[in-house]
Amino acid sequence: MSRSFDKDSSARASSEFLIEHQARPQRPTRQPWSMRKAALVTVCILVGSLELIVLETILVRWGEARGCPPALLSELNNLVPNFPTTPVLFRKDAFATVDHESEQSRNITRDNWLSYMPKGNGFIAVNDSEKYQLPDPIPFLGQSAYSIAVFHQLHCLYAIMDIYNDLTSERPAGHADHHHHGREEASAHHHVDHCFRYLRQSLLCCGDTALEGQDPNTNKTGTDGTGAVHMCKDFETIRSWAEDHRLVNNKDALK
Numbered sequence: 001m002s003r004s005f006d007k008d009s010s011a012r013a014s015s016e017f018l019i020e021h022q023a024r025p026q027r028p029t030r031q032p033w034s035m036r037k038a039a040l041v042t043v044c045i046l047v048g049s050l051e052l053i054v055l056e057t058i059l060v061r062w063g064e065a066r067g068c069p070p071a072l073l074s075e076l077n078n079l080v081p082n083f084p085t086t087p088v089l090f091r092k093d094a095f096a097t098v099d100h101e102s103e104q105s106r107n108i109t110r111d112n113w114l115s116y117m118p119k120g121n122g123f124i125a126v127n128d129s130e131k132y133q134l135p136d137p138i139p140f141l142g143q144s145a146y147s148i149a150v151f152h153q154l155h156c157l158y159a160i161m162d163i164y165n166d167l168t169s170e171r172p173a174g175h176a177d178h179h180h181h182g183r184e185e186a187s188a189h190h191h192v193d194h195c196f197r198y199l200r201q202s203l204l205c206c207g208d209t210a211l212e213g214q215d216p217n218t219n220k221t222g223t224d225g226t227g228a229v230h231m232c233k234d235f236e237t238i239r240s241w242a243e244d245h246r247l248v249n250n251k252d253a254l255k
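Letter 147 of the sequence shown, counting from 1, is numbered 147 in UniProt numbering, and no numbers are missing.
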C-alpha cells in the first residue's frame, strides 16, 4: 500500500512541478497546495506506519498463541524443539563400514552405528495425538508412540548396508534350508525396498546444498563428499533430547 502511494505521490508531484511554473494568481488567504499536500503525505505516512506497527503486534501475538511456524526439517506441530545448526566438516570414518575380511569388523561397525542411536531408539510418546496433524500413532506399551525421523533413517541405512555385507560375505556351511531362506530373503527384499523409498524421500526433503569439491584422497577427477562443510543440526543435542524423552531404556540392534 505504501509503495503504490509513494508512486502516485511522485507522479502527482511531477505534474504539480510543471503547474507551479505557470503564472497563476496567488491566494494569500489559503495555504499553497504543495504545503497542504506535504502535510497530507506526512499524516498518511504516520498513519500507515502506525497501522504496520499494530498489524505486526497482532501477528506476533497470534504467532505466539499458536506457536511459531515450523522451521525447515522441524516437527510440524512444534512437539519437538528446534535444534541449533552447526558447520560440520565431512570426514571419512574408518569404522562406519566393514573391512569385508572379518566378523570382528562387522561387530565394530555395528557398535559404531549404535553409538548414534539414543536409548529408546528414538521413540517418544505423544499424548492426545488426535489434536495434532500427525499420522496414526504406533500403539506401544499402552501409549501413542512416534519415531523421530532421523533415527528411522539411520536404522534404514544400516539395514541396507548389513544386507549388502551379507551378500558380499561367504555364506556359512549348512545353509541348506532353501524354503526357510526364501522367506527370509523375501522379508529382506521388502525391508530394503522400503528403505530405498524412505531414504530417497528423506534426501529430497533435506535438499542439502553444500558445495562439494575434488576428493582429496585421489588424483581421479570427482568427489566423495569429504572436505566439504555442511550446515547441520547439532546431532548430539537431538540425540540427547530423544534420550531424555524415551519410552523405554533399551537400545536395540539396528536391524
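Even for Gly, the Cβ is constructed at its ideal location relative to N, Cα and C.
Please read all numbers here as calculations on a predicted model, not as lab measurements.
Taking the C-alpha atoms as reference points, what is the distance between residue i and residue j?
i: Q214; j: L89; result: 14 Å
i: A242; j: V150; result: 11 Å
i: S147; j: G122; result: 6 Å
i: F235; j: P118; result: 11 Å
i: F95; j: S169; result: 18 Å
i: A186; j: V192; result: 10 Å
i: N77; j: N112; result: 32 Å
i: I108; j: D128; result: 41 Å
i: N219; j: M161; result: 27 Å
i: N165; j: T223; result: 24 Å
i: K92; j: Q143; result: 40 Å
i: A176; j: V248; result: Model confidence at A176 stands at a pLDDT of 45, short of 50, so the residue's coordinates are unreliable; what they give is reported in the following sentence. In a straight line, the C-alpha of A176 is about 38 Å away from that of V248.
i: T85; j: C232; result: 5 Å
i: H230; j: V80; result: 22 Å
i: residue 284; j: L157; result: Residue numbering for the chain in the displayed model covers 1 to 255; residue 284 lies beyond these limits and cannot be assessed.
i: L141; j: N217; result: 49 Å
i: E101; j: Q133; result: 48 Å
i: S105; j: K131; result: 47 Å
i: G120; j: R246; result: 5 Å
i: H194; j: P87; result: 31 Å
i: T97; j: A71; result: 33 Å
i: G225; j: C205; result: 19 Å
i: A125; j: Y198; result: 22 Å
i: residue 283; j: D244; result: The requested residue 283 does not occur in the structure, where the chain is confined to residues 1 to 255.
i: I163; j: N82; result: 34 Å
i: R239; j: A159; result: 20 Å
Mind checking who residue i pairs with in its DSSP beta bridge?
i: L161; result: It is Met, not Leu, that sits at residue 161 in the sequence shown. Beta-bridge pairing links M161 to no other residue.
i: I233; result: Looking at the sequence shown, residue 233 is not Ile but Lys. K233 is bridged to T85.
i: D146; result: A quick correction: the sequence has Tyr, not Asp, at residue 146. DSSP output for Y146 lists I124 as bridge partner(s).
What are the boundary residues of the beta strand (DSSP E) that includes residue i?
i: Q133; result: Counting along the chain, Q133 falls outside any beta strand (DSSP E), and DSSP gives it neither H nor E.
i: I138; result: I138 to F140
Kindly examine the ligand GDP and report whether one of its heavy atoms sits closer than 6 Å to the Cβ of residue i.
i: S74; result: Absent from the structure shown: the ligand GDP. Ligands present: none.
The alpha helix (DSSP H) that contains residue i, what's its start and end?
i: Q214; result: Where Q214 is concerned, there is no enclosing alpha helix (DSSP H), given that its DSSP letter is neither H nor E.
Helix or strand or just coil, what does DSSP make of residue i?
i: I108; result: helix
i: Y116; result: coil
i: R246; result: strand
i: D252; result: coil
i: A188; result: helix
i: E75; result: coil
i: S169; result: coil
i: E101; result: coil
i: D193; result: helix
i: Q26; result: Because the pLDDT of Q26 is 46, which lies under 50, any placement of that residue in the model is unreliable, and the number read from its coordinates should be weighed accordingly. Correct three-state label for Q26: coil.
i: R91; result: coil
i: G174; result: Because the pLDDT at G174 is just 45, under 50, the model does not fix this residue reliably, and the value given afterwards should be weighed accordingly. Here G174 sits in coil by DSSP.
i: H21; result: Its pLDDT being 34, under 50, H21 is placed unreliably by the model, and the measurement read from it follows with that caveat. If DSSP states are grouped into helix, strand and coil, H21 belongs with coil.
i: L59; result: Residue placement at L59 is flagged as unreliable, the pLDDT there being 46, under the threshold of 50; a coordinate-derived value is accordingly withheld.
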